[in-house]
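Residue numbering for the sequence shown is 871 to 1284, as defined by this note's numbering. Note that CB positions come from ideal geometry on N, CA and C, so glycine has one too. Fair warning: this is a prediction, and the values are worked out from it, not measured in the lab. Reviewing the structure listed below.
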Amino acid sequence: MAVTFRTDSRQTSSQLQLAPALDGPQLEKRATLVEGSSQPLDTENGAARYHQVRLTGLQPDTPYVYRVKGAEGWSEWLQLRTAAQGFKPFRFIYLGDTQNDILSIASRSVRQALHATASPALVVHAGDLTSQRDDLVHDDEWGEWNQAGGFHYAAVPQVVAAGNHEYLDSLNPDGSEGRVLGPHWAKQFALPGNGVKGLESTTYFIDYQGVRFIVLDGTAALDLDTLDRQSQWLEQRLKESQARWKIVVTHQPLFTCARPEDTGPLKAAWKPLFERYKVDLVLQGHDHCYSRLSNENGRAAAKKARAAGKVQGPVYLVSVAGSKMYGLNDRARRQPDRSAEDTQLYQTVEVLPSRLEVRSFTASGTLYDAFDLNRDTQGRNRLSEPAGKLPVERFCSGETGPDQLPCTSRSKSL
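Below you can see the structure in the form of structure tokens.
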């Protein structure tokens, strides 16, 4: 486990106090000092320093408290819990793009998720955490992203995938256009470093209480010629895993709900691997709409397959938490099991020994979608939809949105 924090440039040492989570207030008397490393960052708001402290030797399934030191003294104590050593049920939150109007609008989805979900063990972000457009102050955006999650992000581990907006346009030495990861990313997120060589900041895996999470970098695969290397690494990580459940997180969706065409290169390379190695969920963003797809042949075929008791392959989810909305493409009302546009959402996933319970909620807290993946004794999944009526699917009708206000979704041609 790792903790990252930011101070002003005066605080050059990276110090953290760690203690067992006592029932009384005398935490400091049991605390030990842990030191880490720091890196400077010159921002639009002035010089800052990012600190990373890695915590090792912790007992599994145990609560700890920590605080970090800045130039003016120590922070408040924050409490976290380490993962259990083997399988143990847990729940996590999955968020699509926050990206735009992060504090003013996207924070509502984030905070509703954190408020309504009892003791989430992780928060999974499917990329485009910020926009990083040329006309925006990037340091302010990252400040809004951190403020949106507040102290929760300091107490609950964040599993982050890089989206295309985590990259900035650049010029290669030969004068050609290139892409480079924004300077905040690697300093802010202390990731495991076990990913594809050269992509350790954006590809990695973690094993958490019986689930293997594999994070891929679709932007680097599509724009930086790393698809083959990522695919080879992905296959090895899937092949070696003994985890009960396998979940992949990547930004660009294989099956799109807004763009005219599916993401062909990723679909051709990764879909066969997901199916061969029995990936359970693929969590995605990028399209600024909602889609739950369980059968490439469409929702009618999916419903028929469920009724016949057929084995379910990977379920592909796309979601959006922020304000930017894209209109649905011509497949999105008939191919996914359920879809939505002009709608902010968050998802919860309950991990049980023989079932994944996936629920999608609107930013107001209304249940919008629900399904379970049920595992039989032979390790095969079948998808079921819990009893109970869901709201009508949220689509725009002409210029009118699902809230009977002007539709904010815009067509995405590329």
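The Cβ-Cβ distance between Cys1159 and Ala1128 falls below 8 Å. Tyr1037 sits away from Pro1123, with the two beta carbons spaced by 8 Å or more. Here Trp1015 is buried: its Cβ has 16 or more other Cβ atoms, across all protein chains shown, within 10 Å.
Separation of the CB atoms of Thr1213 and Thr1232 is rounded to 6 Å, and the pair is thereby assigned contact status at 8 Å. If you compare the alpha carbons of Ala1202, Phe960, Arg880 and Gln1248 with that of Arg1264, the shortest gap goes to Ala1202. Residue environment analysis places Asp931 among the exposed positions, since fewer than 16 neighbouring C-beta atoms fall within 10 angstroms of its C-beta. As DSSP reads the structure, Asp1239 sits in a beta bridge with Ser1230. The DSSP-derived three-state label of Ser1254 is strand.
Sequence-distant partners of Ile1076 (beyond 5 residues in either direction) whose C-beta falls short of 6 Å from its own C-beta, in its chain, are Phe1083. Closest option to Leu888, judged by alpha-carbon separation, among Gly1048, Gln922, Ser879 and Val935: Val935.
Bounds of the beta strand (DSSP E) holding Trp1115 are Trp1115 to Val1119.
Closest option to Leu928, judged by alpha-carbon separation, among Val980, Pro890 and Asn1251: Pro890. With 16 or more other CB atoms across the displayed protein chains lying within 10 angstroms of its CB, Ser979 is buried. Take the alpha-carbon of Ser884 and the one of Gly997: they are about 28 Å apart. Taking a contact to require three or more Cβ pairs closer than 8 Å, the segment 1018-1032 and the segment 970-986 qualify as touching.
Of all C-beta pairs linking the segment 1114-1122 to the segment 1150-1164, three or more are shorter than 8 Å, placing the two stretches in contact. Fewer than three pairs of CB atoms, one per stretch, sit closer than 8 Å, so the segment 955-975 makes no contact with the segment 1041-1059. By the criterion of a C-beta distance shorter than 8 Å, Pro1276 is surrounded in its chain by Glu1269 and Thr1270, once the five residues flanking it on both sides are discounted.
With a minimum length of 3 residues, the unbroken runs of beta strand (DSSP E) contained wholly in the segment 926-984 fall at 933-940, 948-951 and 960-965.
Counting every other CB atom within 10 Å of its CB across the protein chains shown gives Glu1011 a total of 16 or more, marking it as buried. Here Arg924 is not near Asp878, since their CB atoms are 8 Å or more apart.
For Gly1048, the uninterrupted beta strand (DSSP E) segment begins and ends at Glu1047 to Leu1051. Collapsing the DSSP output to three states places Thr913 in a strand.
Excluding its 5 nearest sequence neighbours in each direction, Arg937 has C-beta neighbours in its own chain below 6 Å: Gln887, Trp944, Ser945 and Trp947, listed in chain order.
Bounds of the alpha helix (DSSP H) holding Leu1108 are Leu1097 to Glu1110.
Leaving aside the five residues that flank Gly1235 on each side, the residues in its chain whose CB is nearer than 7 Å to its CB run, in chain order, Gln982 and Ala986.
Straight across, the Cα-Cα distance linking Thr902 with Asp1157 is about 46 Å.
If you ignore the 5 residues before and after Ala917, its C-beta comes within less than 7 Å of the C-beta of Ser879 and Pro910, all in its own chain and listed in chain order.
Residue Asp1093 holds the alpha-carbon nearest to the alpha-carbon of Ser1040 among Thr1126, Gln1102, Ser1111 and Asp1093. Residue burial is scored here from C-beta neighbours: Ser977 has at least 16 other C-beta atoms within 10 angstroms and is therefore classed as buried. Taking C-alpha positions only, Glu914 is separated from Gln1028 by approximately 25 Å.
For Thr874, no alpha helix (DSSP H) run applies; the uninterrupted beta strand (DSSP E) run containing it begins and ends at Ala872 to Asp878, by DSSP.
Here Lys1259 is exposed. Its C-beta has fewer than 16 other C-beta atoms within 10 Å.
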